[in-house]
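Only one structure is covered here, and it is reproduced in the block below.
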Amino acid sequence: MQPLHTTAAVRVRRAEISDLDDLVALEDRTFDSDRMSRDQYRRHLDSDSALVLVASANHRNFLGTAVLFFRKGSGVVRLYSIASQPEARGKGVGTALIDASELAGRQRRCRALRLEVRTDNVVAIKLYEHLGYRRIGSYAHYYQDGADAWRYEKALA
Ligand SMILES: CC(C)(COP(=O)(O)OP(=O)(O)OC[C@H]1O[C@@H](n2cnc3c(N)ncnc32)[C@H](O)[C@@H]1OP(=O)(O)O)[C@@H](O)C(=O)NCCC(=O)NCCS
């Protein structure tokens, strides 16, 4: 399959069923609540309304993932989840995954990408703002553990 995004080191492609173990392991390592199950990942891998992306680099096959949801007629793609392997952070994996997400949104003619983030997730917020995302909403008790969220959006024109 053609890579969706390539930088000097990081390559992003659509996830395949053989990525399932890595996807679930990273999910479990990364998130304490609102985790996606193996069955949910399996369904998203097979769905037209979801796109699961995987980042890799040279000898490292699985550096991170992003999960996108599309809704018929909505024109807005949602970045539901993004994570990079803890030992690979700060090296551009997250940026490559977001670039590829924006490209995938444009390819499906979406006008904007939206995401929610915990209000205390300083690293992710810094990254989103650095990449041009604008805060458009605030939601109290948004997550399963009661944490608040901010919603961000970027136009994909
Ligand atoms: C948010 C996350 C996906 C970012 O991934 P990443 O691979 O570190 O992304 P990048 O390397 O492209 O950018 C990270 C930012 O942190 C900075 N950074 C530098 N050194 C770093 C380090 N050792 N660790 C983390 N970030 C570092 C980078 O410079 C960059 O900031 P900038 O955009 O201002 O330059 C990652 O931190 C993660 O998986 N967090 C846990 C899951 C999460 O919170 N997901 C988001 C909500 S769903």
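Here my numbering = 1-based position in the sequence shown + 1.
Note that beta-carbon positions come from the ideal geometry of N, C-alpha and C, so glycine has one too.
These figures come from a predicted structure and were not determined experimentally.
If you draw a straight line from the alpha carbon of Asp-47 to that of Leu-54, how long is it in whole angstroms? Between Asp-47 and Leu-54, the C-alpha separation is close to 13 Å.
With a threshold of 6 Å on Cβ separation, who are the neighbours of Tyr-129 within its own chain once the five nearest residues in sequence on each side are excluded? Within its own chain, the residues whose Cβ lies closer than 6 Å to the Cβ of Tyr-129, once the five positions on either side in sequence are excluded, are Tyr-153, listed in chain order.
Ala-56 to Ile-18 span [Cα, whole Å]: 15 Å
At the level of alpha carbons, what is the spacing between Leu-52 and Ser-102? 9 Å
Where do the N-terminal and C-terminal ends of the beta strand (DSSP E) with Ala-16 fall, by residue? Segment: none, Ala-16 is in no beta strand (DSSP E) and carries neither H nor E.
In three-state DSSP terms, what is Lys-73? Coil.
Between which residues of its own chain and Gly-138 is the CB-CB distance below 6 Å, once the five residues before and five after are set aside? Excluding sequence neighbours, Gly-138 sits near Arg-152.
In whole angstroms, what is the alpha-carbon distance linking Arg-115 and Tyr-81? 9 Å
Keeping to the same chain, check which residues put their C-beta closer than 6 Å to that of Val-94; ignore five residues upstream and five downstream. Val-11, Ala-56, Leu-64, Gly-65, Ser-85
With burial defined as no fewer than 16 other Cβ atoms inside 10 Å of the residue's Cβ, what is the status of Asp-49: buried or exposed? exposed
With a CB to CB cut of under 6 Å and the five nearest residues on each side skipped, what residues in its chain are close to Arg-136? Trp-151, Tyr-153
Could you check how far apart the C-beta atoms of Gly-74 and Leu-157 are, in whole angstroms? I think they sit under 8 Å. So it is not a contact: roughly 16 Å between Cβ atoms.
The beta strand (DSSP E) that contains Leu-157, what's its start and end? No beta strand (DSSP E) contains Leu-157, which DSSP labels as neither H nor E.
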